[in-house]
Amino acid sequence: MKKMISFLAAFSMILTSAAASAPASVMAVSSSAAVSSGTKVGAYAQVDNMSFTIQNGKAELTSFSGVNDEEVTIPDTVKDCPVTSIESSAFLGCKKLRKIVLGKYMAECEGFSMDCENLEEIVVPEDNESLVMEDGILYTNDMKKVIACPAKTEKEDIVIPDEVESVGMAAFTHCASIKSVTIPDSVKEIWSYAFMFCEGLKSAKLPKDLEYVRANTFTGCSSLEKAELPEGLKYIELGAFSYCPVLKDINIPSAVEAIGVEAFYQSGCTVSEDGILYVGDWAVDVDLNVEAKNSPNKGKRFYSDIKDANIRVGTVGTAWGLLRDTPDLRSVVVPDTVKYIGEGMVTGIGIYVERVDFWCHTIPERSLICSGIKEVYIHDPDCVIEDSASSFPAYWRNIEEEMTVGRLKDIFEENVSSSGSAASSVHKAINTELIEIDEDSEDPEKELLERLGQNADEYYAKQKVYNAPIKQDGVARYDTVIHGFRGSAAEDYAIKYRRCFSAFVPASAAVGPEIFEGNGIQYRIYGGAAAEAVLTDGGKLKSDITIPEEIKGVPVTGFRDYTDADTFAKFTVHLPKTVKTVEDSYSASENNIMYFDVSEDNPYICSVDGIVYSKDMKKLVKIPCFYNSGEIVIPDSVRIIDRYAGWALKNVEKIVIPEGTEIIKDSAFACSQKLASVKLPETLDTIGNGVFGMCSLLTDISIPDSVEQIGNNAFDMVPAAEHEKGGIYIGKWLVQTEASGERLVIREDTEGIATVDLYSDTVFPKSVKKVGWEMANGKYNKMERADVYSSVIDFDEFKNAKFMKDIYIYDRNCQICSGENTIPAKYVSVLSRDPADVQAYRASVTITELTRTVSERYGYYDEDELDDVVIHGYAGSTAEAYAKMYGRKFEVIDADSAYKNGDINGDAVLNVGDLVILNRYLHGTYQFTEKQFKSADLNGDGSVDVFDVIIYRRKLVE
């Protein structure tokens, strides 16, 4: 049983790292509860069989070697220092000890300090001012805390006095004779292990103000039949009622927010349904119904063969570590009734889940800690997702390519390292880096659990690092795809944390719509579940509009305006409490609305000064086109500005966006005809597609250093932008390109590249540090060759470069994001249709998604002929490592020829790219390295000048 407790403590390491959903104490157990509290700094002393540590003028009994002694008297002082405490493991293994006499200065001890299975008596001197024995039980002198009861007490009925406020850790551990305990309502805290292994205890009623049932409080109470929990209880911790086989009568109060791992393990109160164990409305465990044949541990080990974990409707919470030991798990469904999801709902090395469906309204961080999840579906558009990179995994790995350990089933059924050989080092991909883990261990199960916890912490700590060097022989990684509604919280999360996102259409939209006209407003009713109020073009509305809460018995949940500007009088729109969305599409954005008025009872959105925000004021939803002010100062609470939120503003000249804002979504302020000045915050991370496009008077704007991503055409036709040799720049960002067949050489001081159209072969300079995801825009892209001198190739950078035959990577240690779509495997060698058709296809692609998207095919059409993209790089470089990781075609750049005989760009050949760099050097816009200077000095006169240019041109002609 003690081995079981040790295992639970080890397992809890997987799940503990300051979760926001519940206190860490739900899962974490202090190591001092069962083992030594660690190294003490100070003097040491030995008295008889007792060892002491002296620090700060006080002595602590740390160990007792008299394992055969039946009685021990602890001295008052050691080396003139009072003995004030006993370390928790001091009497470990003293099975014959029957009596402990404490010293007069003893003040700090706990149940574990005196957890000796045959202990009959604890003696406290009368002159001890800190402790007192009352009716055979040790208390603090003020009677506010129960400290310990001897294990061999003969008492059957324990009545704790009314003045007691807490029951100490392990206070009644191993008191097998106790059958009942009366705990007064004055008790506010019962600490871990308090009644562990009280094998005679039949019932327990916990005090009314108790908020926690601490870890292992009733573990091993084999006779416990009934536990009455108070209505205000909030947390049931790790193993609290584990190994209580006859426990049947227990009800989990509605106030409970979290249940720890194995809280009801091997307890009689669980009910199995489709492989999941429930206690009341909580899913607390899985049915471990399969015995491992060759457990690496001594003793038996079991796992669950559950494949589809469909948590039953009506469940309100899932325990921490619910779906562990589930190597065959492939899908999980969390119903909308679930309010509380415990950390590590899916947990384990070797667990590969195909799909997780969240129908619930809240998703905390670290609920999914496993080797891979391919797809996550979030069905509630307003789902509250914890603002953390660890809320969802970023990648999954191919099960056939995974580490030697394999699935968790294999961990249990096979030895994890070969006998007679050195430890087997296994590569495990943690975000963008590979961590080597030595799988050899005397206790493989414990070591694997500890490493999983450590690696999970490292994984989540590095999620915000979007690129990192590829290492040789790494395991290929594939993006986890998040599915959700456009404009939803799922999409917002995907944008912020660089996750692949796929939008799906609401099920209601697949039915209908049924069209109904009323009072000049068109209502579109979808499947009898939701309706949308639409102001259509050509309507007769000339006054303020009030949208009803329902139409034909169906709630009105959305609002759109299809009217053209200047068609009607300017008006106010009153929105009811049922409306969740104000339509954000292009056609619904240019209108005659001057003011929005949202019902105060609306739980989804609100209005302030006629502008629509999310209810929590974190998202700016919609500014009326005819908002009657020249300046808008957005509230400090706003973090996201929604699509088309300020599209086509007619009167606004200046916008101040507050510090704290992180994302501005697509076309947010596009076509605002008077907008001249925008103040962007230093917290801004993402500027979406077309955000300031067609703002023809915008001259006062700069891009903060915090920005990491800029979408396509974000500054289209903005006069603040500079045009230079095919590139369009704002500050140190390339924000757009000009249609041209000439090679694009991005200017040297460029630090960031937005999502841009690449009309020709392109050179990426060394100065580039930031690259937007899907940098090569898929709409217009003719680039066949990319020359990359920068030290970073980021998320999906060349995924949409459909005609790119070759990519040259000149930085040996280039930080290449190790996803499969960073560099495509194929390019279109022969179009299956006329190029004019492809041009028409491109033109039809009107929406460039702000999120990273799922790659569906390499060509434009399924019939296109494809060939291999060739990655060129140096031997032993990260470019070669990436090619090996994904089985890509790789050609080594001749290092001996690089940077020689006029090769300035390092591609081992003399070409026009070298001449371009030379001209920039002569114009003072480029700095040579020593190698470049020597290579450029073709006439060997010790300088690089026009005479070298003449030689260059001659060589190029030759």
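Numbering-wise, the sequence shown is residues -22 to -1, 1 to 936 according to mature numbering (1 follows the signal peptide of the UniProt record, and there is no 0).
Every residue gets a Cβ at the ideal spot worked out from N, C-alpha and C, and that includes glycine.
Anticipated Cβ contact below 8 Å, residue i with residue j, distance rounded
i	j	result
Ile731	Val749	5 Å
Tyr591	Cys584	6 Å
Ser155	Glu132	6 Å
Leu598	Ala626	With a Cβ gap of about 15 Å, Leu598 and Ala626 do not count as contacting.
residue 967	Val45	Since the first residue shown for the chain is -22 and the last is 936, residue 967 is missing from the structure and cannot be characterised.
Asp265	Ser250	5 Å
Cα-Cα separation, residue i to residue j
i	j	result
Val268	Ser282	6 Å
Gly756	Ala861	23 Å
Cys795	Trp751	11 Å
Ala803	Thr740	19 Å
residue 945	Val806	The structure shown does not extend to residue 945, since the chain spans only -22 to 936, so no value can be given for it.
Lys760	Asp694	20 Å
Phe175	Glu686	56 Å
Ile849	Phe776	12 Å
Gly322	Trp298	6 Å
Met28	Glu235	45 Å
Lys285	Ser200	32 Å
Thr715	Ala699	11 Å
Arg76	Phe69	11 Å
Val291	Ser309	16 Å
Glu528	Asp335	30 Å
Tyr83	Arg302	47 Å
Ile589	Pro602	7 Å
Trp711	Glu495	49 Å
Beta-carbon gap between residue i and residue j smaller than 8 Å
i	j	result
Met642	Val669	Per the sequence shown, the amino acid found at residue 642 is Ile instead of Met. Contact: yes.
Val165	Glu141	no
Asp881	Ser913	yes
Val808	Glu858	no
Leu934	Asp926	no
Lys596	Ile618	yes
Ala646	Met672	no
Thr639	Pro659	yes
Arg333	Glu364	no
Val734	Asn799	no
Gln905	Tyr877	no
Lys600	Tyr582	no
Gly198	Leu225	no
Asp163	Asp135	no
Glu347	Thr325	Looking at the sequence shown, residue 347 is not Glu but Ile. Taking 8 Å as the Cβ cut-off, Ile347 and Thr325 qualify as a contacting pair.
Asp259	Val312	no
Asp579	Lys555	yes
Tyr190	Lys212	yes
Under the three-state DSSP convention, the category residue i falls into
i	result
Gly89	helix
Gln910	helix
Asp306	coil
Asn288	strand
Ile724	coil
Phe925	helix
Met863	helix
Leu598	strand
residue 964	Residue 964 is absent from the model: the chain starts at -22 and stops at 936.
Val890	helix
Glu530	What sits at residue 530 in the sequence shown is Lys, not Glu. Lys530: coil per DSSP, three-state reduction.
Asn917	coil
Leu188	coil
Glu841	coil
Ser615	coil
Where residue i falls, given that 16 or more other Cβ within 10 Å makes a residue buried
i	result
Lys474	buried
Gln793	buried
Val530	Strictly speaking, residue 530 in this sequence is Lys, with Val absent from that position. So Lys530 ends up on the exposed side.
Gly350	buried
Val394	Since pLDDT at Val394 reaches only 26, below the 50 mark, its modelled position is unreliable, and the value read off the structure follows with that caveat. With 16 or more Cβ atoms within 10 Å of its Cβ, Val394 is classed as buried.
Ile928	exposed
Tyr22	exposed
His901	exposed
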